[in-house]
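Which chain is which? The protein sequence lines are A and B, in order. Anchor point for the first sequence: position 375 equals 375 in the UniProt record's numbering, and the numbering is continuous, going up by one each time. Anchor point for the second sequence: position 220 equals 220 in the UniProt record's numbering, and the numbering is continuous, going up by one each time. We put the CB at the ideal spot given by N, CA and C, even for glycine. Computed from a prediction, not measured in an experiment: that's the story for all the values here. Below: the structure, in C-alpha cells.
2 protein chains.
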Amino acid sequence: MSQVKPSAIRELLRLGADPSIMSFGGGYPDASLFPLEQLEAVFRASIAGNGREALQYTVSNGSPKLREQIATRMARDGIACGADNVLILQGGQQGLDLVAKMLVDKGDVIVTENPTFLGALIAFNPCEPRYAAVRMDDDGMDMDDLERTLERSPGAKLIYTVPDFQNPTGVTLSLERRKKLVELANRFDLVVLEDTPYREIRYQGEPIPPIKSFDTEGRVIYLGSFSKILAPGLRLGWAVASEELIQQLGLLKLAADTQCSTLNMAAVSLFLEKYDIDAHIASIRQIYRHKKDLMLDTIRRTFPQDVAFTEPSGGLFTWLTFPEGFDTARFMADHALPEAKVAYVPGATFFPLEQEVNHARVSYSTQTDEVIVQGITALGKLLTARRNA
Amino acid sequence: MSQVKPSAIRELLRLGADPSIMSFGGGYPDASLFPLEQLEAVFRASIAGNGREALQYTVSNGSPKLREQIATRMARDGIACGADNVLILQGGQQGLDLVAKMLVDKGDVIVTENPTFLGALIAFNPCEPRYAAVRMDDDGMDMDDLERTLERSPGAKLIYTVPDFQNPTGVTLSLERRKKLVELANRFDLVVLEDTPYREIRYQGEPIPPIKSFDTEGRVIYLGSFSKILAPGLRLGWAVASEELIQQLGLLKLAADTQCSTLNMAAVSLFLEKYDIDAHIASIRQIYRHKKDLMLDTIRRTFPQDVAFTEPSGGLFTWLTFPEGFDTARFMADHALPEAKVAYVPGATFFPLEQEVNHARVSYSTQTDEVIVQGITALGKLLTARRNA
C-alpha cells in the first residue's frame, strides 16, 4: 500500500468545486456536449425493450454485440480485429490496472513517457514497479532515448504511452516513431500499452495510424474509451489485443468486478446502432478546437515570452513550461489562486521519477469562452507583472 | 497469473445458454422480478433532469447522496455509520478484489469457510494467497475449528465469510458464532470480510445482526450489493468499514477504475428516494420462498434418502451432499445432462483446498415452477433408478 498516496487528482476535484475559482485543472470533457436526448432514448429503449436481459448478468468480457461494433470501428482505424480481440472495460483506467496486474511484479520496470498520465502511475503503483522515464519532444517519446532506456533496463515488462494528444503535454507521437516503437518492443521483447482516450478528438491534420496497427507479434495492447466521445459517467472503455492476452485480461476482469454494467453496454450498443457517433464526434471536435484556439491565442497575447506552451492538434490539454527555477505549485498557492483565482495542475505530479517543478497542465475543455479569456488573461497579467517587478 | 484459471462459472454460463438443458447452476436472480418500470423512470429522470452531472465524472468513492442513503439503511440494520464509512463498488465482487489487494501479499493466509464462494477465490487468487478452510455445519463456520485454524496460521490476514444464506451451502451463521467470530478476530488481530449479497432475501425467521454490528475495533469490512435486491446489470455494491479502511480502499478503487457509473449511482439513488425498495424486496422474498419450498418439496418427494440437502432460510441455493464416493461432476456429465437434461454446479470447485466431489449446488432462483418440478423430478428419478440398479 505504501505507494498509493492521496492523489493530486483528488485535490483538484476539491478545488474545482470552489465556484469562485476558474479551474483549468480537471481533465473532464465538456458536459454541455453530452448527447442527452439520444442517451435518454437508448437507455429508455434498452430497459423498456429488453430490460430483463439488459439488467441481468452477462458474459464477463462484455456484451458480444458491443464488442463486435467496437471491432468494426477499430478495423476502420487500421486495426484488423474481431469481437474476440475486444474486452469491455470500466473505462480505460481499468485497462491500466488489469494490464499491470497481468504483467508487472514488484520491482519490474515499466517504461513511461516523461512526463506521463498521472492516472496510469496511480494504477501501476499498487504493483510496486520501478519506473524508467523517456524524454519527449514535440513528436512524442524520443526513440533514441527509449532504446538507451531499454538497453539499461533488461527484463522491463511494459512500455506505456499515450500517443495521441498526450496527457499531460498534448503532443502526438509521429508516424515514424510509432513504427520504431514496435520495432524496439519486438527487439527487447516487451508489451506496449497504447492508451488512446483522446484519439478521436483531433482538430487538425490527418490521423496517424495507431501503434497497434504496426503490431506484427501481438504485443501491443490498445485501450480506447467512450469517456471523451460520449460521456465518462457511463464508465465504458475497451482493450484490443491478441486473443491470448484478451483471454488473460478477461479472467482478471472477471476476478476484479465480474463485468461492466450490462445496461450501459446495451445502451451504448444501441447508440452506435441508431445514431451517427462520428457526426457527434465531429461536432465535439469543432467545439474543442475553438476552445483550444481561444486559449492559445490568449496565452500568446498575455503571457510573458519566456513561458513555452505546446500546440496540440487534438485532445484537452496544453503544457506550459516556465523558466528553470520557477515553481508552478508554489506560484499557484501563493499567487494564481489568491490573486488571479486561477487553478491548473502543477506539472511535478506527472513525472514518475525526478519531478520537474516548472511545468503546468492547462485544460481548455470544460470552461466557457468567457472564463478561458478572463482566467488566462488574469494569469498572464500576474506572470507579466511578476516578471517586470 | 498461474492461479487464475478458466472458471467453472464460465463453463456454467455456456451450459445455461443451451435451451434444452434445465439449469439449476447459475446464481442469477430471477429477471422477471426486476422493477423495470421504475428503473426506466429513474434512468429517464436522471438523464433528462440532471444529465450533465449524471453523465460526468464524480468523486471516486461514489455519489455522496447514494452513500448517505446506504449509510441510513445500514444504520437501520444495526451498523452505525455515516457516508464516509461507505464506498460504492462495481458490485460486491469488486470489494473482494480491493480488500485482497489492500491486505494480502503472496503467501499470506486467507481463512475461508469450507466450502466457500467461488467468485471470492477467483478474486483472491491473483494475490497468490494460501488458504485455510474452516469446517461448517448448519449454523455456519465452526468456531472451535476457526480458533484452531487461527492458532495454526500465525499472521493470517483475513477471514472471509458469507454469513447469510451462504453461497454455496445456503446456511446462516448463528448469532453466538457472529459474536465469537469478532472476538477471535480481535484476539488474533486480523480483518473480517463479511460478504452479504443475499442478506435481504430472507424468507423465514428474524434477521440476525450483521457481524459488523459487533465490531468494536474497526476490523470488519461489510460488503453489500444491489444485484439481488434490484438488478445485477447495474453493477452496484458497497463496502462499509472504518474511515481509515474506506480511505485506503477508495484509493485502490480510484486506481482500479476511477469510479462507478455516475448515471447508475444517480438512478439507484433516485430509486431509493422515489420508491419503496423494502416493499419491492418483500415481494421478491415471497417469490423466492415459494420456489425454495417447491424445490425442497420436490427433492423430498423424489430423491433417494441418502442424499442430504440444506434448508436455507433465504438466498438462492440449496446444497446437496451425496454418499461418499459419489462424484457429482462425473454424474452430471455421464447421466444428469444427457439423460435428465439437468445441470447444477458440482461442488468440488467451491473448496479452496481439498475438493470434496460428493456435493452439488442447486439454485432455485431463475427457473419457473414447471421447470423446477420437472427438472428436480427427473434428477430424482435418475438417482433412484441408479441406486436401485
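Original post:
Looking at chain A, which residues of the stretch 15 to 44 of chain B have a Cβ within less than 7 Å of any of its Cβ atoms?
Top reply: Tyr28, Ala31, Ser32, Phe34, Leu36, Leu39, Glu40, Phe43, Arg44
**OP:** Quick one: list the residues of chain A neighbouring Ile122 (chain B), beta-carbon separation under 7 Å, in chain order.
**Re:** Here residue 122 (chain B) refers to the residue found at position 122 of the second sequence. By Cβ distance, chain A contributes Leu254, Ala255.
Subject >> Contact set between the stretch 73 to 96 of chain B and chain A, restricted to residues whose Cβ is under 7 Å from the partner >> reply: Gln90, Gly91, Gln93, Gln94
Original post:
Going straight from the alpha carbon of Arg177 (chain B) to that of Ile110 (chain B), what length do you get?
Top reply: The residue labelled residue 177 (chain B) in the question sits at position 177 within the second sequence. The residue labelled residue 110 (chain B) in the question sits at position 110 within the second sequence. Roughly 19 Å separates the two Cα atoms.
Original post:
The beta strand (DSSP E) with Val220 (chain A) in it runs from where to where?
Top reply: Reading the first sequence from its first residue, position 220 is the one you call residue 220 (chain A). Unbroken beta strand (DSSP E) run through Val220 (chain A): 220 to 225.
Subject >> Buried or exposed by the 16-neighbour rule on C-beta atoms within 10 Å, applied to residue 404 (chain B) >> reply: In the structure as shown, chain B begins at 1 and stops at 389. Residue 404 (chain B) is therefore absent and cannot be evaluated.
Original post:
Which partner residues of Phe322 (chain B) appear in the DSSP bridge assignment?
Top reply: Numbered from 1 along the second sequence, position 322 holds the residue referred to as residue 322 (chain B). BP columns for Phe322 (chain B) are empty, so no partner.
Subject >> Three-way DSSP call (helix, strand, coil) for Ala340 (chain B) in this model >> reply: Position 340 of the second sequence, counting from 1, holds the residue named residue 340 (chain B). The answer is helix: DSSP assigns Ala340 (chain B) an H, G or I state.
**OP:** Since I believe Gly233 (chain A) is in contact with residue 396 (chain B) (beta carbons under 8 Å), could you give me their beta-carbon distance rounded to a whole number of angstroms?
**Re:** With chain B covering 1 to 389 only, the question about residue 396 (chain B) has no answer from this structure.
**OP:** Could you tell me whether any Cβ in chain A is nearer than 7 Å to the Cβ of Pro64 (chain B)?
**Re:** Within the second sequence, numbered from 1, the residue matching residue 64 (chain B) stands at position 64. False, the Cβ-Cβ gap to chain A never drops below 7 Å.
Original post:
Under three-state DSSP, which class holds Tyr160 (chain A)?
Top reply: Your numbering for residue 160 (chain A) matches position 160 in the first sequence. In this structure, Tyr160 (chain A) counts as strand in the three-state DSSP scheme.
**OP:** Measuring only between beta-carbons, confirm whether Gln56 (chain B) sits less than 7 Å from chain A.
**Re:** By 1-based counting over the second sequence, the position of residue 56 (chain B) is 56. Yes, because at least one Cβ of chain A sits closer than 7 Å to the Cβ of Gln56 (chain B).
Original post:
So what does DSSP say about Ser313 (chain B), is it helix, strand or coil?
Top reply: Working through the second sequence from its first residue, we reach residue 313 (chain B) at position 313. Three-state DSSP puts Ser313 (chain B) in coil, outside helix and strand.
**OP:** Output the distance between the C-alpha atoms of Thr310 (chain A) and His359 (chain A), rounded to the nearest integer angstrom.
**Re:** Position 310 of the first sequence holds residue 310 (chain A). Position 359 of the first sequence holds residue 359 (chain A). Their backbone Cα atoms lie some 11 Å apart in a straight line.
Subject >> With 16 other Cβ atoms within 10 Å as the buried cut-off, status of Arg202 (chain A) >> reply: Looking up residue 202 (chain A) in the first sequence gives position 202. Classification for Arg202 (chain A): buried.
Subject >> Local Cβ density within 10 Å of Lys212 (chain B), reported as buried at 16 or more and exposed below that >> reply: Taking the second sequence and counting its residues from 1, the one referred to as residue 212 (chain B) is at position 212. Buried: at least 16 other Cβ atoms inside 10 Å.
Original post:
Excluding sequence positions up to five away, which residues of its chain have a Cβ less than 7 Å from the Cβ of Arg387 (chain B)?
Top reply: Position 387 of the second sequence holds residue 387 (chain B). Excluding positions up to five away in sequence, the list reads Pro304.
Original post:
Quick one: does Ser261 (chain B) have its CB under 7 Å from some CB of chain D?
Top reply: Of the protein chains in the structure, A and B, none is chain D.
Subject >> Per-residue DSSP class, three states only, for Ala239 (chain A) >> reply: Here residue 239 (chain A) corresponds to residue number 239 of the first sequence, with the count starting at 1. The answer is strand: DSSP assigns Ala239 (chain A) an E or B state.
Original post:
When you compare only the Cα positions, how much space is there between Cys127 (chain A) and Asp105 (chain A)?
Top reply: Against the first sequence, residue 127 (chain A) aligns to sequence position 127. Against the first sequence, residue 105 (chain A) aligns to sequence position 105. Spanning the two alpha carbons is a distance of roughly 6 Å.
Original post:
Which value, in whole angstroms, describes the spacing of the CA atoms of Ser2 (chain A) and Leu121 (chain A)?
Top reply: To locate residue 2 (chain A), count along the first sequence from 1; it is residue 2. To locate residue 121 (chain A), count along the first sequence from 1; it is residue 121. Unreliable placement is indicated for Ser2 (chain A), whose pLDDT of 37 sits below 50; the coordinate value is still reported in the next sentence. If I take the Cα positions, the gap works out to 13 Å.
Original post:
Can you tell which of B:Ser63, B:Val86, B:Asn61 has the C-alpha that lies nearest to the C-alpha of Arg73 (chain B)?
Top reply: Walking along the second sequence from the start, residue 73 (chain B) turns up at place 73. It is B:Val86 whose Cα lies nearest to the Cα of Arg73 (chain B).
Original post:
Which runs of the alpha helix (DSSP H), 4 residues or longer, sit entirely within the stretch 105 to 185 of chain A?
Top reply: 118 to 124, 143 to 152
Original post:
In the stretch 123 to 157 of chain A, which residues sit with their C-beta less than 9 Å from some C-beta in chain B, listed in chain order?
Top reply: Ala123, Phe124, Asn125, Pro126
Original post:
Which of the residues in the stretch 214 to 232 of chain A, read from start to end, lie with their CB under 9 Å from any CB of chain B?
Top reply: Ser227, Leu230, Ala231, Pro232
Original post:
If we count Cβ pairs, one from each stretch, closer than 8 Å, do we get three or more for the stretch 208 to 226 of chain B versus the stretch 237 to 253 of chain B?
Top reply: yes
Original post:
Hey, does Gly51 (chain B) have any beta-carbon neighbour from chain A nearer than 7 Å?
Top reply: Counting from 1 along the second sequence, the entry for residue 51 (chain B) is found at position 51. Yes, contact with chain A.
**OP:** Quick one: give me the first and last residue of the beta strand (DSSP E) that Ala360 (chain A) is part of.
**Re:** The residue given as residue 360 (chain A) occupies position 360 in the first sequence. Per DSSP, Ala360 (chain A) belongs to the beta strand (DSSP E) from 359 to 363.
**OP:** Examine the Cβ distances between the stretch 65 to 79 of chain B and the stretch 247 to 264 of chain A and report whether three or more of them are shorter than 8 Å.
**Re:** no
Original post:
Looking at the C-beta of Thr328 (chain A), does it have a partner C-beta in chain B at a distance below 7 Å?
Top reply: Locating residue 328 (chain A) in the first sequence gives position 328, where the first residue counts as 1. It does not: the Cβ of Thr328 (chain A) has no partner Cβ on chain B nearer than 7 Å.
Original post:
When we look at the beta-carbon of Asp189 (chain A) and count the other beta-carbons within 10 Å, is it buried (16 or more) or exposed?
Top reply: As a working mapping, residue 189 (chain A) is identified with position 189 in the first sequence. The residue in question, Asp189 (chain A), is exposed, as its Cβ has fewer than 16 Cβ neighbours within 10 Å.
Subject >> Bridge partner(s) assigned by DSSP for Ser195 (chain B) >> reply: Translated into positions along the second sequence, residue 195 (chain B) becomes position 195. The amino acid at residue 195 (chain B) is misidentified as Ser; the sequence shows Asp. Answer by DSSP bridge pairing, in chain order: B:Leu223.
**OP:** Keeping to the same chain, check which residues put their C-beta closer than 7 Å to that of Lys179 (chain A); ignore five residues upstream and five downstream.
**Re:** Position 179 of the first sequence, counted from the start, is the residue given in the question as residue 179 (chain A). If the five residues before and after Lys179 (chain A) are omitted, its C-beta is found closer than 7 Å to the C-beta atoms of Phe214, all from its own chain and listed in chain order.
Original post:
Cβ of Pro346 (chain B) within 7 Å of Cβ of Tyr131 (chain B)?
Top reply: Walking along the second sequence from the start, residue 346 (chain B) turns up at place 346. Walking along the second sequence from the start, residue 131 (chain B) turns up at place 131. Result no, Cβ atoms of Pro346 (chain B) and Tyr131 (chain B) do not sit closer than 7 Å.
Original post:
List, in order along the chain, the chain A residues whose C-beta lies closer than 8 Å to that of Asn358 (chain B)?
Top reply: On the second sequence, residue 358 (chain B) is found 358 positions in, with the first residue counted as 1. The contacting residues do not exist; Asn358 (chain B) stays about 27 Å from chain A at best.
Original post:
Considering only C-alpha positions, which residue in the set B:Pro154, B:Asn114, B:Val192 is nearest to Asn167 (chain B)?
Top reply: For the purposes of this step, residue 167 (chain B) is identified with residue 167 of the second sequence, where counting begins at 1. When only C-alpha atoms are compared, the closest one is B:Asn114.
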